[in-house]
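Protein chains in written order, with this note's numbering: chain B, 721 to 953; chain A, 567 to 843.
Below: the structure, in structure tokens.
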Amino acid sequence: MSALIECRNLTKCYQNGVPAVLDMNLTIESGHIYGLLGPNGSGKTTLIKMINGLLIPTAGEVLIEGNKPGVESRKIISYLPERTYLDAQNKVSDMIAFFEDFYEDFKPDRAWEMLENLGINREARLKTLSKGTREKIQLILVMSREAKLFILDEPIAGVDPAARDYIIRTIITNYNPEASVMICTHLISDIENILDDVIFLKQGKVVLKAQVDEIREKAGKTVDQYFREVFAC
Amino acid sequence: MLKKLFVHEWKDTWKLLTILNVAVILLSLSGLIVFNNRNMESVMESSNNNSVGYAMFYGSYMFIYILSLAVLTLGSMLFFYIRFYRNLYTDQGYLMHTLPVTGKDLILSKTFVAMIWRVIATVVCTFSILIVVWSAIAEDGAEMWREMKEVFTQLKIENGTAVVAIILVILMTIGAQLFEVFLGYLAISIGQQVSKNKVLGSIGIYIGIHVLINIVKNIGTQVFVFRIIREEEAGMFDPSQATVILTLLIMDVLIFALCYGMYMLIHHFMKNKLNLD
Chain B
721 MSALIECRNL TKCYQNGVPA VLDMNLTIES GHIYGLLGPN GSGKTTLIKM
771 INGLLIPTAG EVLIEGNKPG VESRKIISYL PERTYLDAQN KVSDMIAFFE
821 DFYEDFKPDR AWEMLENLGI NREARLKTLS KGTREKIQLI LVMSREAKLF
871 ILDEPIAGVD PAARDYIIRT IITNYNPEAS VMICTHLISD IENILDDVIF
921 LKQGKVVLKA QVDEIREKAG KTVDQYFREV FAC
Chain A
567 MLKKLFVHEW KDTWKLLTIL NVAVILLSLS GLIVFNNRNM ESVMESSNNN
617 SVGYAMFYGS YMFIYILSLA VLTLGSMLFF YIRFYRNLYT DQGYLMHTLP
667 VTGKDLILSK TFVAMIWRVI ATVVCTFSIL IVVWSAIAED GAEMWREMKE
717 VFTQLKIENG TAVVAIILVI LMTIGAQLFE VFLGYLAISI GQQVSKNKVL
767 GSIGIYIGIH VLINIVKNIG TQVFVFRIIR EEEAGMFDPS QATVILTLLI
817 MDVLIFALCY GMYMLIHHFM KNKLNLD
């Protein structure tokens, strides 16, 4: 297994001086589904943003297949942020065309199929659709790429249980087993069955990186139970 | 990728700006009818009650017309500033900054589209004002045109010099538009470094840079004028066409150098200081 992402002494301090990520060393390998877990303010989203080049590290570096975040890394990372980034003025078909234009690994047929399964009109303007539907469209766009790394920030937050099942099904049926998936969420019990590894973050540092099976065997607990124990208030 | 970004930027902006431009063109053409209607004019000149109504009609027309010019010039600039901010520094930035394109491509694609529309707006406004003014002074227009021709003849501008001067003035106009576009983009980019209320921060920075540049510009102009006066007093002033061309050339170089500097700064903030909330 080769290193897909390497964080070396990665640090990010915001303007108030408090470090969100502190001297972090972390390696993400190909072919795994990672759960990036931690309480609020533990640095999950900050780490994800630095990997995607949306935040500039204060110190240290993050390398994606040996490159700093940039054009090359964006070609292989498919990122779903916790925000809705689609322009509401556009039609669904506009967004498909947009992704097709910019991402060489985008599979429009796959996207159309998933949209049809959900009964979403391809000519509908995004502003006429509900927030939940827009989030699903965003997930479909992200998962319709043949990326090497999928980074999904809170993909199931704020949606009903049925939608959660759909999202999880979409994730596991659309990613290439040679690729990696990094899922950042608080809803551990909903996703722990699909995880290979977990990374626990606390106050900007990695406090645990382990295989899910290892936790179950050694601690005799589910990831959710173990998380509650580690991060008990 | 720059071409693709350009195409998508164009697709997202052309409708509104076409409407604004067409509105100004239609209002200008309607000016031809309003001002060339001699029947209405004669009614206005008479002392009956209709004259008040016609005066109000002309006043309303001029108000709407000037408003349309303001919306086209200031509104379209504001539109591009807001688009730059929304597209790159709000939620949409999560998509734009994760596309496999460079920061320079993002800036240039937006600038090219903004510049095309700025140039179109300048041309439309210029011709529109000419049409409306021409319609309003139609009787005196021919006389005015003769006088203008006479002034140009008296200037004895050589054809070659005139062409160079026109090219330099056109370049300066384009440079001035580019300067305004980059100034807004730069203010927005620096404004992102403000921890709270980035929009207010951007506005403050925009005003600050504007004031600073105007101060420098005024000092430069005064130094230039002072130099001319001194040279004239010393009998060394050369009012030749070559001096005019050289002055225009220096101004063009200065404005494009400033634009390039601002472009590099915008890119620096995007590449090294990006901090999406």
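Cβ coordinates follow ideal geometry from the N, Cα and C atoms, glycine included.
Remember, it's a predicted structure, so these values are computed and weren't measured experimentally.
is_contact[residue i, chain B] using C-beta, thresh 9 Å
i	result
L568(A)	no
L842(A)	yes
H574(A)	yes
K577(A)	yes
Q658(A)	yes
N653(A)	yes
Sequence-distant residues of the same chain with beta carbon closer than 8 Å to residue i, five excluded per side
i	result
R734(B)	Position check: residue 734(B) holds Tyr in this sequence, whereas Arg was assumed. Excluding sequence neighbours, Y734(B) sits near A740.
L907(B)	I876, A877, R884
I697(A)	S594, L595, G597, L598
L815(A)	L734
F748(A)	T677, C825, M828, Y829, I832
Q858(B)	L800, T804, Y805, L806
W832(B)	I816, R842
A742(A)	I821
T739(A)	T688
Distance between residue j and residue i (C-alpha atoms, nearest Å)
i	j	result
K769(B)	I695(A)	50 Å
I840(B)	C904(B)	27 Å
D829(B)	L861(B)	11 Å
W844(A)	D671(A)	Past the boundaries of the shown model lies residue 844(A); chain A is included only from 567 to 843, so the question cannot be answered.
E836(B)	F819(B)	18 Å
Y620(A)	V600(A)	10 Å
Q758(A)	T664(A)	18 Å
N896(B)	L872(B)	15 Å
S755(A)	A817(B)	29 Å
D821(B)	D657(A)	21 Å
L774(B)	I919(B)	21 Å
R712(A)	A702(A)	17 Å
G763(B)	T584(A)	46 Å
V950(B)	I748(B)	22 Å
F835(A)	I773(A)	19 Å
D814(B)	M662(A)	15 Å
N841(A)	R948(B)	32 Å
G767(A)	A753(A)	8 Å
K788(B)	Y660(A)	18 Å
S750(B)	A779(B)	25 Å
S850(B)	H574(A)	24 Å
G641(A)	K783(A)	25 Å
F870(B)	K795(B)	11 Å
G625(A)	L582(A)	27 Å
Chain A within 9 Å of residue i, Cβ atoms only
i	result
T804(B)	yes
P739(B)	no
P662(B)	The question about residue 662(B) has no answer, for chain B in this structure spans 721 to 953.
N760(B)	no
D807(B)	yes
N736(B)	yes
N913(B)	no
N729(B)	no
N810(B)	yes
Sequence-distant residues of the same chain with beta carbon closer than 7 Å to residue i, five excluded per side
i	result
L593(A)	I630, Y631, S634
D944(B)	I908, S909, E912
V730(A)	I811
R854(B)	T804, L806, L846
T639(A)	A687, C691
N587(A)	L638, I686, A687, V690
R652(A)	Q658
F572(A)	S675, F678, V679
V932(B)	E912, L915, D916, D917, V918, V943
G758(B)	K764, F920, L921, K922
Any non-hydrogen atom of the ligand FAD within 8 Å of residue i CB
i	result
A882(B)	The ligand FAD is absent from the structure shown, which contains no ligand whatsoever.
Positions along the region 815-835 of chain B whose CB lies within less than 9 Å of some CB in chain A: A817, F818, D821, F822, Y823, E824
Using Cβ-Cβ distances below 7 Å, what residues of the region 816-839 of chain A are close to chain B? N838, K839
Check each residue of the region 768-779 of chain B: if its Cβ is closer than 9 Å to any Cβ of chain A, include it; give the result in chain order. K769, N772, G773, L774, L775, I776
Contact between the region 791-799 of chain A and the region 671-687 of chain A: three or more CB pairs below 8 Å? no
Which of the residues in the region 863-889 of chain B, read from start to end, lie with their CB under 9 Å from any CB of chain A? none
Any residues in the region 661-688 of chain A with a beta carbon nearer than 7 Å to a beta carbon of chain B? Which ones, in chain order? L661, H663, T664, L665, P666, V667, T668
Closer than 8 Å, Cβ to Cβ, to anything on chain B: give me those residues from the region 756-769 of chain A, in chain order. S761
Note down, in chain order, all residues in the region 783-799 of chain B with a beta-carbon under 7 Å from any beta-carbon belonging to chain A. V791, R794, K795, Y799
Pair every Cβ in the region 723-732 of chain B with every Cβ in the region 773-784 of chain B, then say whether three or more of these pairs are closer than 8 Å. yes
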